[in-house]
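Here's the structure, in structure tokens; my notes come after.
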Amino acid sequence: MSNEVTDWGGTVQENWPVSSIKDELIITPPFIEKGKIAFADSTVIHLNQVNENATMFYSRDESAWQEYKSPPITLYNAGTLSVIARMEDKKSPMVTTAFYKYDKNIKVTLEHSYANEYSAGGNNALIDGMRGTEDFRSGAWQGTQNEDLNVTIDLGNPRTISSIEVGFLKDQRSWIFWPKTVTFEFYNENGEMVKNINRNLPETGKEEVSKVFRPRLETPDIQDKIKFIKMKATTYGKLPEWHLGYPFDGTSWIFIDEINVN
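As structure tokens, this is what we get:
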């Protein structure tokens, strides 16, 4: 190849070489336009896509693929929904979404506030079955700053309890600390407390990593059927002196995703 400039194509625009791409090389997967990821009774799923000429297909719980047509998809149980788009001999990557069903008889009352941008969907986020990842922006974490968590769970129908588990996130770079302690109180249907369990959580520490901690507390000695559970998680509060936010009077966050009662 020469380094000299040539007049290939000439100076007349009509003679210039033209290149174009007529084939659609990339097919984008369909997306969920409407529908709830977590639901109590059922959820109606509407799919949509950006491809003009592709056909959408879906599969429930790895079953056979079905073409997506109206009416929309109705889900009554927890499971997965996979979607792809096809056009001639091409297809999009597959996208799979997990759906969660929670007990509509369980009610959650919060005596603390959470940030709107980290609501995870509201009070039911703590019982909807959706677990957060190590990324606090995943949408499943509920965030509260400089405030203890106080949660009351009404189980609806009294039941035997064998264990309880709760999930917390730490990411000190984002001012997210594990609580100092977590306490559970168990009440029977008469409102009498029959058990109190307190547990200290590990120190968040200086390590610059995100990590999820899910303390599980066994309750084999509770003989009564339980109607109410109260949980308190104590905030770390003011950031420690070693933290970059300390000179700015920064305060820590608690991020919680799920309380599982077994």
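Numbering (full-length UniProt numbering), first residue to last: 1 to 262. Every residue gets a Cβ at the ideal spot worked out from N, C-alpha and C, and that includes glycine.
For residue i and residue j, I'd like the C-alpha separation in whole angstroms.
i: Ser163; j: Glu258; result: 14 Å
i: Pro29; j: Ile222; result: 50 Å
i: Ile176; j: Phe255; result: 7 Å
i: Phe248; j: Asn150; result: 27 Å
i: Gln66; j: Tyr58; result: 5 Å
i: Thr181; j: Asn198; result: 7 Å
i: Val194; j: Tyr114; result: 29 Å
i: Trp242; j: Asp148; result: 22 Å
i: Leu244; j: Asn105; result: 44 Å
i: Leu110; j: Gln142; result: 12 Å
i: Glu52; j: Gly191; result: 59 Å
i: Asn196; j: Thr96; result: 41 Å
i: residue 267; j: Lys90; result: This structure gives no information on residue 267, because the portion of the chain shown stretches from 1 to 262.
i: Arg131; j: His112; result: 21 Å
i: Gly35; j: Val108; result: 22 Å
i: Asp41; j: Pro72; result: 16 Å
i: Lys237; j: Ala98; result: The sequence given here places Gly at residue 237; Lys does not occur at that position. So the two alpha carbons sit approximately 35 Å from each other.
i: Ser19; j: Ala140; result: Model confidence at Ser19 stands at a pLDDT of 48, short of 50, so the residue's coordinates are unreliable and nothing is read from them.
i: residue 269; j: Ser70; result: The structure shown does not extend to residue 269, since the chain is modelled only from 1 to 262, so the question has no answer here.
i: Ile37; j: Thr133; result: 16 Å
i: Ala54; j: Tyr118; result: 36 Å
i: Ile226; j: Leu201; result: 25 Å
i: Thr74; j: Phe31; result: 16 Å
What residues are listed by DSSP as bridge partners for residue i?
i: Asp171; result: Ile176
i: Tyr58; result: Gln66, Val83
i: Asn53; result: In the DSSP output, where bridge partners are listed per residue, Asn53 has none listed.
i: Thr233; result: Contrary to the premise, residue 233 reads as Ala rather than Thr in this sequence. Answer is Leu149, Val182, bridged to Ala233.
i: His243; result: Note: His243 sits in no beta bridge, so no partner.
i: Met193; result: Tyr187
i: Phe248; result: Phe248 is not bridged to any residue.
i: Asp257; result: Answer is none; Asp257 lacks a bridge partner.
i: Phe228; result: Asp154, Tyr187
i: Gly143; result: Phe255
One question on the structure: do residue i and residue j come within less than 9 Å of each other, judged by their Cβ atoms?
i: Phe228; j: Asp154; result: yes
i: Arg60; j: Thr43; result: no
i: Lys230; j: Thr152; result: yes
i: Asp224; j: Phe186; result: yes
i: Trp253; j: Ser174; result: yes
i: Glu165; j: Arg86; result: no
i: Asn146; j: Thr235; result: yes
i: Leu47; j: Glu33; result: yes
i: Asp103; j: Ser210; result: no
With burial defined as no fewer than 16 other Cβ atoms inside 10 Å of the residue's Cβ, what is the status of residue i: buried or exposed?
i: Asp171; result: buried
i: Ile26; result: exposed
i: Val83; result: buried
i: Ser92; result: buried
i: Ile21; result: At Ile21, the pLDDT of 45 sits below 50, so the modelled position is not reliable and the matter cannot be decided from this model.
i: Tyr76; result: exposed
i: Pro220; result: exposed
i: Ala64; result: exposed
i: Met56; result: buried
i: Tyr68; result: buried
i: Ala120; result: buried
i: Glu261; result: One detail in the question is off: residue 261 reads as Val in this sequence, not Glu. It is buried - the Cβ of Val261 has at least 16 other Cβ atoms within 10 Å.
i: Pro179; result: buried
(message) Count Cβ pairs between the region 118 to 128 and the region 188 to 207 that sit closer than 8 Å; are there 3 or more?
(response) no
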